[in-house]
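Okay, so here's the structure we're looking at.
In our numbering, the protein residues as written are 10 to 193.
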């Protein structure tokens with residue numbers, strides 16, 4: 010990153026390239042972390058998105074079910090992407106779909122016993138993997154990084170979809186508002 014930043018500073022001295030020091034490193038770290046997290050998902054025959062769906066169902070508690078729209082909101086993907094994930098998980102015997110008892114038109118997605126067993130094993134290994142990755146920092150550094158990232162994310166992350174003339178858009182988060190949770 011330092012080399013790239015120096016080259017840009019040389020070639021475009023009129024542009025402030027200092028943001029690259031943070032953004033570029035975060036981008037690179039994100040790719041490296043994702044690659045290491047994906048290893049665990051693949052070990053269990055899952056994609057990251059499938060892991061997220063199973064995790065969202067498991068976090069729901071007994072009877073481990075949610076409506077597809079609720080799953081989409083909990084995993085921060087479109088309903089179309091959610092449908093594809095649910096289809097794959099259903100074919101694998103990890104989830105079932107049924108009509109909602111509360112609303113005959115609605116659907117409910119539920120973990121099967123095989124799905125619950127798989128996500129319990131995968132989540133345990135996922136947490137062990139994340140702990141190993143985070144152990145590269147000492148506890149004070151990890152606490153400070155969490156504090157900084159929480160504050161920054163609260164200022165940058167969109168809160169909820171807002172319809173606009175050109176289609177769906179997102180509204181900026183109100184500073185200090187809680188961030189949505191997702192990702193396992």
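Where a beta carbon is used, it is the ideal one built from N, C-alpha and C, also for glycine.
Quick one: measure Cβ to Cβ for residue 26 and residue 17, integer angstroms, because I've assumed they're closer than 8 Å. Position 17 of the chain shown, counted from the start, is the residue given in the question as residue 26. Position 8 of the chain shown, counted from the start, is the residue given in the question as residue 17. About 5 Å; that satisfies the 8 Å criterion.
Less than 8 Å separating the beta-carbons of residue 106 and residue 99? Taking the first residue of the chain shown as position 1, residue 106 is located at position 97. Taking the first residue of the chain shown as position 1, residue 99 is located at position 90. Cβ atoms of residue 106 and residue 99: closer than 8 Å.
Could you give the first and the last residue of the continuous beta strand (DSSP E) run that contains residue 119? Here residue 119 refers to the residue found at position 110 of the chain shown. That run of the beta strand (DSSP E) goes 116-120.
For the alpha helix (DSSP H) holding residue 104, just list the boundary residues, first then last. Taking the chain shown and counting its residues from 1, the one referred to as residue 104 is at position 95. First-last for residue 104: 104-108, but that is the beta strand (DSSP E), not the alpha helix (DSSP H).
Buried versus exposed call for residue 84 [16 or more other C-beta atoms within 10 Å across all chains shown]: The residue labelled residue 84 in the question sits at position 75 within the chain shown. Residue 84 should be labelled buried.
Can you check the segment 11-36 for any alpha helix (DSSP H) of at least 4 residues that lies completely inside it and give the ranges in chain order? Those alpha helix (DSSP H) runs which fall completely within the segment 11-36 and span 4+ residues are 11-20.
Cα-Cα separation, residue 232 to residue 45: Nothing in the structure corresponds to residue 232, since the chain is present only between 10 and 193.
Rounding to the nearest angstrom, what Cα-Cα distance links residue 13 and residue 52 in this structure? Along the chain shown, read from residue 1 onward, the residue named residue 13 stands at position 4. Along the chain shown, read from residue 1 onward, the residue named residue 52 stands at position 43. Residue 13 and residue 52 have their C-alpha atoms roughly 35 Å apart.
Alpha-carbon spacing of residue 175 relative to residue 150, whole angstroms: Against the chain shown, residue 175 aligns to sequence position 166. Against the chain shown, residue 150 aligns to sequence position 141. Caution applies to residue 175, whose pLDDT of 40 falls short of 50 and renders its modelled position unreliable; the value that the coordinates give is listed next. One C-alpha to the other measures close to 43 Å.
7 Å Cβ shell around residue 59 - same chain, five flanking residues per side excluded: For the purposes of this step, residue 59 is taken as the residue at position 50 of the chain shown. The answer, listed in chain order, is 94, 97 and 98.
Can you round the beta-carbon distance between residue 221 and residue 124 to whole angstroms, since I take them to be within the 8 Å contact cut? A query on residue 221 cannot be resolved here, the shown segment of the chain reaching from 10 to 193 and no further.
Cα-Cα separation, residue 87 to residue 29: Against the chain shown, residue 87 aligns to sequence position 78. Against the chain shown, residue 29 aligns to sequence position 20. Taking the straight line joining both Cα atoms gives about 30 Å.
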